[in-house]
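Engineer: Okay, here's the structure, questions in a sec.
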DNA sequence: CATGCATTCTATAGACCTATAGAATTTCCG
DNA sequence: CGGAAATTCTATAGGTCTATAGAATGCATG
């Protein structure tokens, strides 16, 4: 470890975290060796311990890296002054975009974090459940503002959003040709309007149009 | 291996698969040792190789066990003569009930199957994607029968159902007090009707507004 | 009970893996 | 340039793991 504030050290450590993310994402925590990680960043196995006290510490850093600004962004969305629909869509966009940018680290966070020691896991958990709580709050606001049916269970709703996003996150990681924008629209549409045909049953024809084509513009 | 048709052998092998499922689910494939598995079924590490050629074979059997009658049931639902809503609810029920009964093996199938050798993975994949295709077909029928909006993307829809079910599957596994029936109802309701309030007429302007506040970039 | 098959055990080879110690090399800066 | 600090390397101790071989035990049946 360097004794002074140091630039190269920070940069190399970041590289180490990214390498670990890639390897863990591919082979899982226990399936990866420190040799794999070191080789991917072009150093020898032993040298990795200059940057991490242990393999476990590397996992912790990867998870943190995966989730950090993901939660920050969610804070921004929750605090912003937009109607419910916009917040929901922004959430989905943020979630899925994160998958594109940080797919490995996020996958590691989702799949491997349980192998962390208790203490670290709790720290991360508070971040993660902070995320879900923010989302839940957004739904509660949506109910209060009248945008959503008041019969909905906000906890369930938040979980459902995360579930759908994660399912598509996996698809996105595997197939880079999937159109992110298309998925975002469809997710939002599903969550707001459901799949059911309404013409015959319900009288509010307006909703059909809104449902059919959410009118979204790029900036 | 026994040379004749044998009862005890089959029974013990089944026990071995269940033990492996439990251990793999808890610690992941690479995190589990054959000693863990053997101990859980009350035999010694070496004896396990009487039932499996390798640890990998055990994983394959667990995955197969997890998914098998799950797919069978889906076949039944798809072939049955029910309206769309009933089929959807039956699917969700089947999916979530499977999580209750076979939570470990299903979790292993979802999380660890990629560690199988190519050949086995392909066999399983054809089963798994058979499942998704059946679900897709059900949605297509739903569109044709007029139960669903004809703008929906059936591939997307099937993926979304699976995503939601898996998210709740995890919750169900962790917390046995969750009311399965309640979740089933809420999932079905969400998928059919969405969360949006319908009495009030939604202004399309809201949806346009969304655009300004998103930082999505199309590449 | 004796024979043969089924099941489980013990012991171990051989591979691989983490983490550390200390040497070697590179980089920085006066 | 010269020395100090930073970075990487080599080598290895000590541990765990898979898979196999061969011995021991259980069990059914004639």
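Residue numbers (my numbering), protein chains in the order written: chain A, 40 to 258; chain B, 40 to 258. We treat Cβ as the ideally placed atom computed from N, Cα and C, and that holds for glycine.
Have a look at B:117, B:96, B:134 and B:186 and flag the residue whose alpha-carbon is nearest the alpha-carbon of residue 158 of chain B.
Structural biologist: In the second chain, counting from the first residue as 1, residue 158 of chain B sits at position 119. Distances from the CA of residue 158 of chain B to each of B:117, B:96, B:134 and B:186 were compared; the closest alpha carbon is that of B:96.
Engineer: Quick check on residue 237 of chain A: does DSSP put it in helix, strand or coil?
Structural biologist: Residue numbering aside, residue 237 of chain A sits at position 198 when the first chain is read from its first letter. Residue 237 of chain A falls in the coil class under three-state DSSP.
Engineer: Starting from residue 69 of chain B, find everything on chain A with Cβ-Cβ shorter than 8 Å and list it in chain order.
Structural biologist: Sequence index remark: in the second chain, residue 69 of chain B carries index 30 (1-based). Simply 66, 67, 68, 69 and 70.
Engineer: Give a yes or no on whether the minimum CB-CB distance between residue 154 of chain B and chain A is below 8 Å.
Structural biologist: By one-based count along the second chain, residue 154 of chain B stands at place 115. So, interface residue.
Engineer: Step through the CB atoms of chain A and report whether any lies within less than 8 Å of the CB of residue 101 of chain B.
Structural biologist: Taking the first residue of the second chain as position 1, residue 101 of chain B is located at position 62. Output row for residue 101 of chain B: interface = no.
Engineer: Is the stretch 182-195 of chain A touching the stretch 181-199 of chain B in the sense that three or more CB pairs, one from each, lie closer than 8 Å?
Structural biologist: no
Engineer: Return the CA-CA distance between residue 141 of chain A and residue 105 of chain A, expressed in angstroms with no decimal places.
Structural biologist: In the first chain, the residue the question calls residue 141 of chain A occupies position 102. In the first chain, the residue the question calls residue 105 of chain A occupies position 66. Computed Cα separation, rounded: 6 Å.
Engineer: So is residue 201 of chain A in contact with chain B if we call contact Cβ pairs under 8 Å?
Structural biologist: Translated into the one-based positions of the first chain, residue 201 of chain A becomes position 162. Yes, residue 201 of chain A lies at the interface with chain B (some Cβ there is under 8 Å from its Cβ).
Engineer: Taking C-alpha atoms, which residue in A:214, A:50, A:172 and A:100 lies nearest to residue 156 of chain A?
Structural biologist: Position 117 of the first chain, counted from the first residue, corresponds to residue 156 of chain A. The alpha carbon of residue 156 of chain A has as its nearest neighbour, out of A:214, A:50, A:172 and A:100, the alpha carbon of A:100.
Engineer: Would you mind stating whether residue 172 of chain A and residue 210 of chain B have Cβ atoms separated by less than 8 Å?
Structural biologist: For the purposes of this step, residue 172 of chain A is identified with residue 133 of the first chain, where counting begins at 1. For the purposes of this step, residue 210 of chain B is identified with residue 171 of the second chain, where counting begins at 1. No, they are not a contact pair.
Engineer: Does chain B have any CB closer than 8 Å to the CB of residue 233 of chain A?
Structural biologist: Mapped onto the first chain, residue 233 of chain A falls at position 194. Yes, because at least one Cβ of chain B sits closer than 8 Å to the Cβ of residue 233 of chain A.
Engineer: Classify residue 187 of chain B as helix, strand or coil using the three-state DSSP reduction.
Structural biologist: As a position in the second chain, residue 187 of chain B is number 148, starting the count at 1. Residue 187 of chain B falls in the strand class under three-state DSSP.
Engineer: From this set, A:179, A:90, A:166 and A:83, which residue's C-alpha is nearest residue 48 of chain A's C-alpha?
Structural biologist: What you label residue 48 of chain A is simply residue 9 of the first chain in a count that begins at 1. Checked all of A:179, A:90, A:166 and A:83; the closest Cα to residue 48 of chain A is A:90.
Engineer: Just confirm the distance between the C-beta atoms of residue 127 of chain B and residue 235 of chain A, as a whole number of angstroms; I'd bet it's less than 8 Å.
Structural biologist: Start at 1 with the first residue of the second chain, and residue 127 of chain B comes out as number 88. Start at 1 with the first residue of the first chain, and residue 235 of chain A comes out as number 196. Actually they are not in contact, since the Cβ atoms of residue 127 of chain B and residue 235 of chain A sit about 10 Å apart, beyond 8 Å.
Engineer: Should the stretch 112-126 of chain B be called in touch with the stretch 210-227 of chain A, which here means at least 3 C-beta pairs below 8 Å?
Structural biologist: no
Engineer: Under a three-way DSSP split, which group does residue 123 of chain B fall into?
Structural biologist: Here residue 123 of chain B is taken as the residue at index 84 of the second chain, counted from 1. Helix.
Engineer: Step through the CB atoms of chain B and report whether any lies within less than 8 Å of the CB of residue 79 of chain A.
Structural biologist: For the purposes of this step, residue 79 of chain A is taken as residue 40 along the first chain, with counting starting at 1. False, the Cβ-Cβ gap to chain B never drops below 8 Å.
Engineer: Along chain A, in chain order, which residues have C-beta atoms closer than 9 Å to that of residue 195 of chain B?
Structural biologist: For this step, residue 195 of chain B is matched to residue 156 along the second chain. The contacting residues are 207, 221, 222, 225, 226 and 229.
Engineer: Using 8 Å as the threshold, is the stretch 68-81 of chain B in touch with the stretch 63-75 of chain A, meaning 3 or more CB pairs across them?
Structural biologist: The stretch 68-81 of chain B, when compared against the stretch 63-75 of chain A, does touch it at the 8 Å Cβ threshold.
Engineer: Using 8 Å for Cβ pairs, my map puts residue 212 of chain B next to residue 109 of chain B. What's the rounded Cβ distance?
Structural biologist: Along the second chain, one-based indexing puts residue 212 of chain B at 173. Along the second chain, one-based indexing puts residue 109 of chain B at 70. In fact, because the Cβ distance is near 15 Å, the residues do not count as touching under 8 Å.
Engineer: Which term fits residue 131 of chain B, buried or exposed, when burial requires 16 or more other beta carbons within 10 angstroms of its beta carbon?
Structural biologist: Start at 1 with the first residue of the second chain, and residue 131 of chain B comes out as number 92. Counting Cβ neighbours within 10 Å, residue 131 of chain B comes out buried, since at least 16 surround it.
Engineer: Cβ closer than 7 Å: which chain A residues qualify as neighbours of residue 236 of chain B?
Structural biologist: The count along the second chain starts at 1 and reaches residue 236 of chain B at position 197. Going along chain A in sequence order, the residues near residue 236 of chain B (Cβ under 7 Å) are 185, 186, 187 and 188.
Engineer: Would you verify that the beta carbon of residue 288 of chain B is, or is not, closer than 8 Å to some beta carbon of chain A?
Structural biologist: This structure does not reach residue 288 of chain B, given that chain B is present from 40 up to 258, and the question cannot be answered.
Engineer: Helix, strand or coil for residue 104 of chain A, going by three-state DSSP, please let me know.
Structural biologist: For the purposes of this step, residue 104 of chain A is taken as the residue at position 65 of the first chain. Looking at residue 104 of chain A - three-state DSSP - the assignment turns out to be helix.
Engineer: Residues of chain B with CB under 9 Å from residue 198 of chain A, in chain order?
Structural biologist: Taking the first chain and counting its residues from 1, one reaches residue 198 of chain A at position 159. Simply 203, 206, 207 and 210.
Engineer: CB-CB under 7 Å to residue 80 of chain B, same chain, minus the five flanking residues each way: which ones, in chain order?
Structural biologist: Counting from one through the second chain, the residue named residue 80 of chain B turns up at place 41. Result list for residue 80 of chain B: 54, 55 and 58, in chain order.
Engineer: Within its chain, find whatever has a CB closer than 8 Å to the CB of residue 251 of chain A; leave out the 5 residues flanking it on each side and keep chain order.
Structural biologist: To locate residue 251 of chain A, count along the first chain from 1; it is residue 212. Caution is warranted here: a pLDDT of 33 is assigned to residue 251 of chain A, below 50, making its placement in the model unreliable, and no coordinate value can be reported.
Engineer: Would you say residue 192 of chain A reaches chain B, if we count a Cβ-Cβ gap shorter than 8 Å as a contact?
Structural biologist: Indexing the first chain from 1 puts residue 192 of chain A at position 153. Closer than 8 Å to some Cβ of chain B, the Cβ of residue 192 of chain A qualifies, so yes.
Engineer: Output the boundary residues of the alpha helix (DSSP H) element that contains residue 228 of chain A.
Structural biologist: Locating residue 228 of chain A in the first chain gives position 189, where the first residue counts as 1. In the DSSP assignment, residue 228 of chain A falls within the alpha helix (DSSP H) that extends over 219-232.
Engineer: Within 7 Å: the Cβ of residue 80 of chain A and any heavy atom of the ligand SAH?
Structural biologist: Within the structure as shown, the ligand SAH is missing, as the structure has no ligands at all.
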